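Engineer: Here the sequence shown stands for residues 76 to 335, numbered as in our numbering.
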Amino acid sequence: ERFCVISKPGGMLVHRNREINKEDRVFLLQTLRDQLGRQVFLVNRLDRATSGLMVVAFDSETCALLQASLQSDSAEKEYVVVCRGRTESVFESRRPLSDKYSKARTSREAHTSFRTLAHFDIEIEEPFIPSRGVPEAEGVILEGEAFRRNLTVSVVSATLHTGRTHQIRRHLQNLAHHPLGDTSYGKGRINDSLRASYGLPRLCLHAARMAFAHPLTGERLELHEPFPTDLAAFLRTCPDAPPADDIDRMIRSGEGVAVP
76 ERFCVISKPG GMLVHRNREI NKEDRVFLLQ TLRDQLGRQV FLVNRLDRAT SGLMVVAFDS
136 ETCALLQASL QSDSAEKEYV VVCRGRTESV FESRRPLSDK YSKARTSREA HTSFRTLAHF
196 DIEIEEPFIP SRGVPEAEGV ILEGEAFRRN LTVSVVSATL HTGRTHQIRR HLQNLAHHPL
256 GDTSYGKGRI NDSLRASYGL PRLCLHAARM AFAHPLTGER LELHEPFPTD LAAFLRTCPD
316 APPADDIDRM IRSGEGVAVP
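#1: Just how far apart, CA to CA, sit L255 and R159?
#2: Buried or exposed: which applies to A233, given that a residue is buried once 16 or more other Cβ atoms fall within 10 Å of its Cβ?
#3: Kindly give me the distance between the Cβ atoms of V156 and F302, rounded to whole angstroms, as I take these residues to be in contact under 8 Å.
#4: What residues are listed by DSSP as bridge partners for E330?
#5: What did DSSP end up calling C279 once you bin it into helix, strand or coil?
#6: I'd like to check one pair, R264 with E201: are the Cβ atoms closer than 7 Å?
#7: If you run the structure through DSSP and keep just helix, strand and coil, what is H194?
#8: Give the range of the alpha helix (DSSP H) segment to which Y273 is assigned.
#9: Extract the residue ranges of the alpha helix (DSSP H) inside the segment 295-331, only unbroken runs of 4 or more that lie entirely within it.
#10: So the beta strand (DSSP E) E153 belongs to, where does it begin and stop?
#11: Taking just the CA atoms, how far does P318 sit from G214?
#12: Just reading off the beta strand (DSSP E) that S168 is part of, what are its end residues?
#13: State the DSSP-derived secondary structure class of A251, mapped to helix, strand or coil.
#14: Got a sec, what are the start and stop residues for the alpha helix (DSSP H) S135 sits in?
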C-alpha cells in the first residue's frame, strides 16, 4: 500500500489554515492519521466547502510521484458545479488568475473547460433594490420589499487544465455564472433565498472524477465519486432539477445537453 483515495465531505477543512475559525474541531488530515494509524501526505487539496475525491500517499516519495502524475497532460480532474444562468453546451475560460494569498498577486495562466449537463428554473424571493438615481413610482415595489422571480440554474461539468486557487469558482464568476452557495464569489441575496426556500446547504461544487496513471505501474486509474447526498437533497427540492443518478451517469458517459 503506497496511497489511497478518499471522499472528502463538504464543510471540512483539510488541515489548519487561514480559513480556520474557532468552531473548527475536526480536520481531514488529522482524522486520516487517527483512522489509519500512520503518517499521510496530501497529493491534492480541496476547499473547505468542496466535496469529493482526494488522493493521499503514505510516504513522501509516492506523494511526489502522484503529484507529477496528476499534473501531467494526460490526467483528468472533473468537477460538478451548480451555477446561476443558462450556460452554453460547451464553453471555457482562459482568464489568467493571480494567487489571492500571494503578496505579489502575479497573474498566471489558467484554463477551465465546461460542459453543460442540465438546465432548470426555480422561483426565488429576494428584496427589491432599485437602481441608483431612479425615483420610486406609485404602485411599484418599494426598496427592501420582497418580490418573486424565476432563476435559471445550470448543472455543469468543469475540467481543470491548470490548478489555480479557487479556479473554477473565479472563472464562473467572471462569466456571470456564479456557483450557488459560494460565499466568496457568489450572489449573497440569491444564496440567502435558496437557503430559506430550498435548503441550499453549501457551495455546490463536487470533485466527481479523476483519471491518471498509477505512479508505479503506469496503469490508467479512473475514479468516480457519486454526487453527494446533501447536494442531491437540495436538488430534490427544486421541481425541475435533474436527479443525482442522472448527473452521475452523464459524468461517467461524457454526455451533455444541446443548448440552442
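For each residue, glycine too, the CB sits at the ideal point set by N, CA and C.
Since the structure is predicted, the reported quantities are computational estimates derived from the model, not experimental observations.
Structural biologist: Considering the structure as presented:
#1: For the purposes of this step, residue 255 is identified with residue 180 of the sequence shown, where counting begins at 1. For the purposes of this step, residue 159 is identified with residue 84 of the sequence shown, where counting begins at 1. If I take the Cα positions, the gap works out to 7 Å.
#2: Walking along the sequence shown from the start, residue 233 turns up at place 158. Buried, because 16 or more other Cβ atoms sit within 10 Å of the Cβ of A233.
#3: Residue 156 sits at position 81 when you count from the first residue of the sequence shown. Residue 302 sits at position 227 when you count from the first residue of the sequence shown. So it is not a contact: roughly 11 Å between Cβ atoms.
#4: Counting from one through the sequence shown, the residue named residue 330 turns up at place 255. DSSP lists no partner for E330.
#5: Looking up residue 279 in the sequence shown gives position 204. It is coil, neither helix nor strand.
#6: Start at 1 with the first residue of the sequence shown, and residue 201 comes out as number 126. Start at 1 with the first residue of the sequence shown, and residue 264 comes out as number 189. Yes, the pair counts as a contact, with Cβ atoms nearer than the cut-off.
#7: On the sequence shown, residue 194 is found 119 positions in, with the first residue counted as 1. Strand at H194.
#8: In the sequence shown, the residue the question calls residue 273 occupies position 198. Start and end: G263 to Y273.
#9: 304-311 and 319-328
#10: On the sequence shown, position 78 is the one that residue 153 refers to. Element bounds for E153: E151 to R159.
#11: Numbered from 1 along the sequence shown, position 139 holds the residue referred to as residue 214. Numbered from 1 along the sequence shown, position 243 holds the residue referred to as residue 318. Here the model assigns G214 a pLDDT of 49, short of 50, so the residue's position is not dependable and the matter cannot be decided.
#12: Reading the sequence shown from its first residue, position 93 is the one you call residue 168. It spans V165 to S168 - the beta strand (DSSP E) in which S168 sits, taken as one unbroken run.
#13: Sequence index remark: in the sequence shown, residue 251 carries index 176 (1-based). Of the three classes helix, strand and coil, the one that applies to A251 here is coil, per DSSP.
#14: The count along the sequence shown starts at 1 and reaches residue 135 at position 60. Looking at the DSSP string, the run of the alpha helix (DSSP H) that includes S135 is S135 to L145.
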